[in-house]
Amino acid sequence: MRISKLFSKTSKNWPAGEEATNAKLLIKAGYIRKSSAGVYSYLPLGWRVLNKINDIIREEMNSIGAQELLMPTLVAKDYWAKTDRWEVDIAFKTKLPETSHQSTEFGLGWTHEEVVTDLATDFISSYQDLPTAVYQIQNKFRAEARAKNGLLRGREFLMKDLYSFHANKEDLDNYYQTVIEAYKKILQRLDLNAKVVEAAGGAFTKEYTHEFQVLDPSGEDDVFYCDKCDFAQNKEIAKVGIGDKCPACGGEIKESSGIEVANVFKLGTRFSDAFNLKFKDKDGSEQAVLMGSYGIGPSRLMGTLVEAYNDERGIIWPESVSPYKVHLVSLAGDNNMVAKSAEKIYTNLDKSGVEVLFDDRDISAGHKLADADLLGLTWRAVVSEKTGNKIELKQRSKPEIKLVSYEEVAKLVK
RNA sequence: CGGAGCGUAGUAUAGUGGUAGUACGCGGGCUUCGGGAGUCCGUAGUCCGAGUUCGAUUCUCGGCGCUCCGACCA
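The opening position of the first sequence corresponds to residue 62 in our numbering, with each subsequent residue numbered one higher.
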């Protein structure tokens, strides 16, 4: 992609009014635009980042046997009424216009247990149909009283929600662990260091549930955790405090704020009971299906990554989500030889399958380099009179600059 | 929803009860060309409504919007 053709542009000015780091940087760099509080457009570069996050999530979901589908955003009142969730105050509600002569009311989907459970009644009727799991990646809508922190708390946001169905508790428990491991892998691949934190079950379950908290000052949650082992509890339910001994390993308990990027719940039969989702067991007896629900927020992850990885010059994307692998900068000036050579490098890298963002604009060197740091792609390759036949290669996260050949660039960034 | 702050060109910021200024951007000219270049010309603006006033972008009230603190929050 040529920056000269890119739909978005970087700005020299910081956006007014934004305080959250992720909002300031993502808007300044042209990754996103706010359309209203908590509601964002993802511009071409931002959409690429978001899709890379989605792709990682898809791979890990598929690898644990979950199947992707897509459920509706408009969910009729009847669904929510069956589980007494029509009256929740975070639901956006809407209906058809008077002229339609239909009075159906809808809630914009803020979660999909009702819809998925109803769907499951069409296909699950025997123990032989179990276990099974489906997921979707879809915009969710929540009428948050106060949207804030850029991508970290929106009214419309992207979520991957997975639902699993089981014949017995042991199977549910096992799959719950399997999903936790899959989520850990996703977060590792995103270079995010998250704690698996015990949390309150809320309306869903009396059991504790688990949240994945990225420890970061910008987070809204308070987490007590052990610095030696995996023990961690949300402050809401914590039975430990700062300086206490870890009940698991004897280490020291610390406190941090955390960004909740994912959560997992054992739903039991709450939804299967409401929608009469049953199966016939081997012995012919009829039993309620056990369910689990597991969410992870790609758009919130994107904001979290910016909070975690930035410096005074801009964003520093982990390689796994960098919108393009290489930011190729041509500092040709009026030197046609250099300009031609940069064009050739761009074309060749592009042909060999390397994702390149090529700064072919006729602007000053300083402007280009500043933009490269702001955008934060993993690799920066500079071609200029100074570099001769070679290319300057630098990682955004590191100070070292190497002079390498074209072949080495293609190899290094693969 | 309670509290605080803020709404001025496309963006970011000044300022004034009486002709609204600067920077960036954008269009054009010349000079530049390794850390957001210089210069010249051009371009474009007071959130909406009501009130006070001879006159309101400025003062008052209301609305709408945005940010932050709190409450809320799968």
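By construction, the Cβ of each residue, glycine as well, lies at the ideal position given by its N, Cα and C atoms.
query = Would you call V100 buried or exposed, if buried means 16 or more other Cβ atoms sit within 10 Å of its Cβ?
reply = By one-based count along the first sequence, residue 100 stands at place 39. It counts as exposed.
ask   = Of the choices S318, L276, N210, L418, whose alpha-carbon is the least far from that of K66?
value = By 1-based counting over the first sequence, the position of residue 66 is 5. Nearest C-alpha to K66: L418.
ask   = So what's G107 in DSSP terms, helix, strand or just coil?
value = Indexing the first sequence from 1 puts residue 107 at position 46. In the structure shown, G107 sits in a helix (DSSP, three-state: H, G or I).
ask   = Going by beta carbon distance, what residues of the same chain come within less than 8 Å of R374, once the five residues before and after it are set aside?
value = As a first step, residue 374 is located in the first sequence; it is residue number 313 there, counting from the start. For R374, where only same-chain residues beyond five positions count, the Cβ hits under 8 Å are A431, D434, L435.
key: First and last residue of the uninterrupted alpha helix (DSSP H) at R441   = Taking the first sequence and counting its residues from 1, one reaches residue 441 at position 380. R441 -> not in any alpha helix (DSSP H); beta strand (DSSP E) instead, spanning 440 to 445.
ask   = Do you know how far the Cα of K475 is from the Cα of V465?
value = Counting from one through the first sequence, the residue named residue 465 turns up at place 404. Counting from one through the first sequence, the residue named residue 475 turns up at place 414. Their backbone Cα atoms lie some 15 Å apart in a straight line.
request  = Report the rounded CA-to-CA distance for Q274 versus A471, giving the unit in angstroms.
outcome  = By 1-based counting over the first sequence, the position of residue 274 is 213. By 1-based counting over the first sequence, the position of residue 471 is 410. Each residue's alpha carbon lies about 36 Å from the other.
request  = Measure the alpha-carbon distance for K341 versus D145 and round it to whole angstroms.
outcome  = On the first sequence, residue 341 is found 280 positions in, with the first residue counted as 1. On the first sequence, residue 145 is found 84 positions in, with the first residue counted as 1. Roughly 27 Å between the two C-alpha positions.
Alpha carbon of Y269 to alpha carbon of K300, nearest angstrom = As a position in the first sequence, residue 269 is number 208, starting the count at 1. As a position in the first sequence, residue 300 is number 239, starting the count at 1. Whole-angstrom Cα-Cα distance: 13 Å.
key: 6 Å CB neighbourhood of G262 in its chain, flanking five on each side removed   = Translated into positions along the first sequence, residue 262 becomes position 201. If we look at G262 and ignore the five residues flanking it on each side, its Cβ neighbours are E268, T270.
key: According to DSSP, residues forming a beta bridge with E453   = Within the first sequence, the letter at position 392 stands for residue 453. Paired residue(s): V443, L464.
Three-state secondary structure (DSSP) of L351 = Here the question's residue 351 lines up with position 290 in the first sequence. Reduced to three states, the DSSP call for L351 is strand.
task = May I have the straight-line CA-CA distance separating G437 from S360, to the nearest angstrom?
result = Translated into the one-based positions of the first sequence, residue 437 becomes position 376. Translated into the one-based positions of the first sequence, residue 360 becomes position 299. In a straight line, the C-alpha of G437 is about 18 Å away from that of S360.
inquiry  = I need the straight-line Cα distance from N254 to L248, nearest angstrom please.
reply    = Residue 254 sits at position 193 when you count from the first residue of the first sequence. Residue 248 sits at position 187 when you count from the first residue of the first sequence. Approximately 7 Å between the Cα atoms of the pair.
inquiry  = Once the 5 residues before and after C290 are set aside, which same chain residues still bring their CB inside 7 Å of it?
reply    = Translated into positions along the first sequence, residue 290 becomes position 229. Answer for C290: C307, A309, C310, G312, listed in chain order.
key: From E297, N112, P192, residue whose alpha carbon lies closest to that of S383   = One-based indexing of the first sequence puts residue 383 at position 322. Among E297, N112, P192, the Cα nearest to that of S383 is on N112.
task = Compare the C-alpha of E166 against each of E129, Y140, M122, V177 and name the closest.
result = The count along the first sequence starts at 1 and reaches residue 166 at position 105. Taking only the C-alpha atoms, the option nearest E166 is Y140.
message = Classify P105: buried if its beta carbon has 16 or more other beta carbons within 10 angstroms, exposed otherwise.
response = Taking the first sequence and counting its residues from 1, the one referred to as residue 105 is at position 44. Exposed, since its Cβ has fewer than 16 Cβ neighbours within 10 Å.
ask   = Around the C-beta of S187, are 16 or more other C-beta atoms found within 10 angstroms, so that it is buried, or is it exposed?
value = Against the first sequence, residue 187 aligns to sequence position 126. Exposed: under 16 other Cβ atoms inside 10 Å.
Coil, strand or helix - S69 by DSSP = Numbered from 1 along the first sequence, position 8 holds the residue referred to as residue 69. Three-state result, S69: coil.
request  = Assign A260 to one of three DSSP states: helix, strand, or coil.
outcome  = Along the first sequence, one-based indexing puts residue 260 at 199. Strand at A260.
query = Helix, strand or coil: which one does DSSP assign to F340?
reply = Reading the first sequence from its first residue, position 279 is the one you call residue 340. DSSP places F340 in strand when its eight states are reduced to three.
R119 in three-state terms, based on DSSP = Counted from its first residue, the first sequence places residue 119 at position 58. The answer is helix: DSSP assigns R119 an H, G or I state.
task = Would you tell me roughly how many angstroms separate the C-alpha atoms of F64 and S72, rounded to the nearest one?
result = Within the first sequence, numbered from 1, the residue matching residue 64 stands at position 3. Within the first sequence, numbered from 1, the residue matching residue 72 stands at position 11. Going by the sequence as given, residue 64 is Ile instead of Phe. In a straight line, the C-alpha of I64 is about 14 Å away from that of S72.
request  = List the endpoints of the continuous alpha helix (DSSP H) containing D395.
outcome  = Along the first sequence, one-based indexing puts residue 395 at 334. Careful: D395 lies outside any alpha helix (DSSP H) and carries neither H nor E.
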